[in-house]
Amino acid sequence: MTLHVTNTLTGESEPFEPRDPEDVLLYYCGLTVSDPPHLGHARSWVHVDVMHRWLEFLGYDVRHVENFTDVNEKIVARVGEDDLGGSEAAVAETYIQRTIDDMRSLNLLRAEVYPRVSEHVPEIIDLVETLIEKGYAYESNGSVYFDVTGFDEYGKLSNQDLDEIESQGEPDERSEKRNPADFALWKAGGVDPDAVEEHRHEGVDHGGDPPEGLTWDSPWGEGRPGWHIECSAMSMTHLDETLDIHVGGRDLVFPHHENEIAQSEAATDQQFANYWLHCELFQMDDEKMSSSLGNFVTVDDAIDRWGTNVVRTFLTAGSYNSKQLYSDETIAEAEQRWAQLERGYEAAVEALDSPAASSKVEDGALRDAIDGARETFTAAMNDDFNTREAQSALLSIATAINRHLEAARGDTDRDAGPAYDYRGLRRAVETLAELGGVLGLSFTGETTGSADLAGDVVDLVLEVREREREAGNYERADELRDELAALGIEVQDTDDGSTYRLPSEE
RNA sequence: GCCAAGGUGGCAGAGUCCGGCCGAACGCAGCGGCCUGCAGAGCCGCCCACCGCCGGUUCAAAUCCGGCCCUUGGCUCCA
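Given below as structure tokens:
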């Protein structure tokens, strides 16, 4: 069984064959650091992260590179806001740090490199010069444009017809471009003040002076790199001329990725990326999640509200290449799914700790269920990273655990007590941790010092409550349970006493 | 207008590439039952889908072919 992926380039599901049987070169189009990351970004990150983890699970070494676009008018537009910083570089730095923090709290595997545009201008200039030399690009008033008519395959990713694109362009007599569809590789001069103005937040005081952005010397005079060239230059610098997998948001297919292909392949005469994978976007009711509509949730807030595991369960509750609905209901569902997984895991751990667990007991149904779940999980992930199906497999392990515990308790004759399948439960716990790990879910719930203390206190309260129950003071017992619940502590009464769960997360 | 993706139960969301195991997964919500002092959790069972519409191919279609309707995203400014 091999991994299949849906390639935007062909529109079809294809068996995945990296150029090198051991290494996979993975490039993800990162973000322009001009705003705090929101859940939409997190959705793509998490799916790329799951791809990365699954490729490693399959035995590949993954060389994962993800850029930061730190040169952009949108960033300049933030200069002077609040405490973001007084220059393009400072604003970018602020958001890069924030982005890295968010990535960490989402439990993302680190990429090998996070290259920045501002640190790759020489490589960009080299690439532009190559394109001019090869006749694919031309200089005009200090700017350099890519001539799309020179690249026969232009439009192959997005299925655009060049004539169609051209006819769309507004005729502009004074344009520096030969063709409306040509795009800038290098832009003469400093930042475009109109573009900056367009991205300013209303009612924010930016101080007096018009902001300046970064500029560099080039063979064509002072200027800034164009929007698309960065990804070509950085991926070639840190990976290779041909990538195995290039991932990005669906919204980048055209023109960004289309242009990347054109300039890269024109420059190297090599295929730029063998597999183009695109993450679909969030939908809020009938519109997409976007900053301008003000309907987004920042990664930061999401983690605070629901915790990493719930957020990741939510983000992987649909396929990476299908749109996903964001609503209170869909989040609540994800909370339930995660809670079920966690409860199943914890129930198994608890049973393993009890003297009733024995290596002499064997529950075939439990073991079969685990094996089946592993097969389902593997098949699902190999089928274009079907994370929803993979979650189902995990859930079926939780169910199998509960079923086994239930059966064992049911068999109990009073004196002997229940008997648990020690090895079966161990396998269940290990499998959940291992496969859950592929989705970036963490069952280990490491408790911090304060959580330990909280645990001790809860134990104390439960002890008091138990005495009330024994004395028949159920009203008082229920009050205590409700009061704990109000603090987010879930109490569950069982035959062997009461257990509890602290509110999840870090 | 062009390009792309999609329309599956009350919600959400797999399955569509490789037609039959789909009388449609997993989950949420709802309804019974077991358990419980009660609740929750768990377990068992149930309810809810003529798979957008119309036609075709086939022994057999959610899955293939054709037409139509609708939704969403990108482009139509900059690039």
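Note that full-length UniProt numbering has the first sequence beginning at 1, numbered continuously upward. Note that beta-carbon positions come from the ideal geometry of N, C-alpha and C, so glycine has one too.
Tell me the rounded alpha-carbon separation between residue i and residue j.
i: A334; j: E119; result: 40 Å
i: L462; j: S354; result: 20 Å
i: R409; j: L55; result: 40 Å
i: Y114; j: H38; result: 19 Å
i: E475; j: R465; result: 10 Å
i: D163; j: G150; result: 13 Å
i: K360; j: G424; result: 11 Å
i: T6; j: G189; result: 41 Å
i: S442; j: D102; result: 17 Å
i: P180; j: D147; result: 10 Å
i: W45; j: R469; result: 49 Å
i: E17; j: N274; result: 9 Å
i: T69; j: Q391; result: 34 Å
i: W276; j: S322; result: 15 Å
i: T308; j: A433; result: 15 Å
i: D161; j: S140; result: 25 Å
i: H41; j: E479; result: 43 Å
i: T237; j: S105; result: 29 Å
i: A398; j: Q263; result: 50 Å
i: H278; j: H199; result: 26 Å
i: S450; j: E129; result: The predicted position of S450 is uncertain, since its pLDDT is 46 and thus under 50; no value can be drawn from it.
i: R250; j: L84; result: 29 Å
Does residue i come out as helix, strand or coil in the three-state DSSP assignment?
i: F183; result: strand
i: D482; result: helix
i: Y27; result: strand
i: S354; result: coil
i: E14; result: strand
i: H4; result: strand
i: P37; result: coil
i: D163; result: helix
i: V349; result: helix
i: T444; result: coil
i: P211; result: coil
i: P21; result: coil
i: D192; result: coil
i: D467; result: First, the amino acid is wrong: residue 467 is Arg here, not Asp. It is helical.
i: D493; result: strand
i: G437; result: helix
i: Y500; result: strand
i: G364; result: helix
i: L9; result: coil
i: P171; result: Low confidence applies to P171: its pLDDT is 49, below 50, so where it sits in the model is not reliable, and the reading given next is rough at best. In the structure shown, P171 sits in coil (DSSP, three-state: anything other than H, G, I, E or B).
Thinking C-alpha only, which one of the options is nearest residue i?
i: A400; options: L366, A188, A347 and E241; result: L366
i: V65; options: R110, N321 and L39; result: R110
i: S498; options: V458, E258 and G472; result: V458
i: H228; options: H201, A369, C29 and G344; result: C29
i: residue 508; options: R423, E375 and Y345; result: Past the edges of the chain, shown from 1 to 506, lies residue 508, and the structure says nothing about it.
i: D300; options: T99, R78 and V24; result: T99
i: P21; options: H52, M51, Y60 and T8; result: Y60
i: D244; options: D482, H52 and A42; result: H52
i: D122; options: S396, E198, D217 and L352; result: In the sequence under discussion, the amino acid at residue 122 is Pro, which differs from the Asp named in the question. Per the Cα distances, D217.
i: V253; options: L395, S105 and T8; result: T8
i: H404; options: G80, D35 and A357; result: A357
i: L239; options: D482, E112, Q492 and L31; result: E112
i: V76; options: N107, E212 and V24; result: E212
i: D368; options: T313, L352, A347 and T431; result: T431
Is residue i near residue j, with beta carbons less than 9 Å apart?
i: I261; j: K134; result: no
i: K187; j: S143; result: yes
i: V33; j: V91; result: yes
i: T242; j: Q283; result: no
i: L3; j: M381; result: yes
i: L214; j: E93; result: no
i: D421; j: E362; result: yes
i: residue 508; j: E265; result: For residue 508 there is no data in the structure shown, the boundaries of the chain being 1 and 506.
i: E230; j: N67; result: yes
i: M234; j: V117; result: yes
i: L394; j: L439; result: yes
Is any heavy atom in the ligand FAD found nearer than 8 Å to the beta carbon of residue i?
i: R116; result: The ligand FAD is absent from the structure shown, which contains no ligands of any kind.
Discussion item. Could you tell me which whole alpha helix (DSSP H) segments of length 4 or greater appear in the segment 373-424?
Written reply: 387-411
Discussion item. Give the list of continuous beta strand (DSSP E) stretches no shorter than 3 residues that lie fully inside the segment 227-306.
Written reply: 243-249, 273-279 and 282-284
Practice prompt. Give, in chain order, every unbroken run of the beta strand (DSSP E) that is at least 3 residues long and sits entirely within the segment 310-340.
Written response: none
Fill in: Length-filtered (3 minimum) beta strand (DSSP E) runs lying within the segment 103-143
137-140
Worksheet item: Quick one: complete alpha helix (DSSP H) runs, 4+ long, within the segment 37-88?
Response: 39-57 and 73-76
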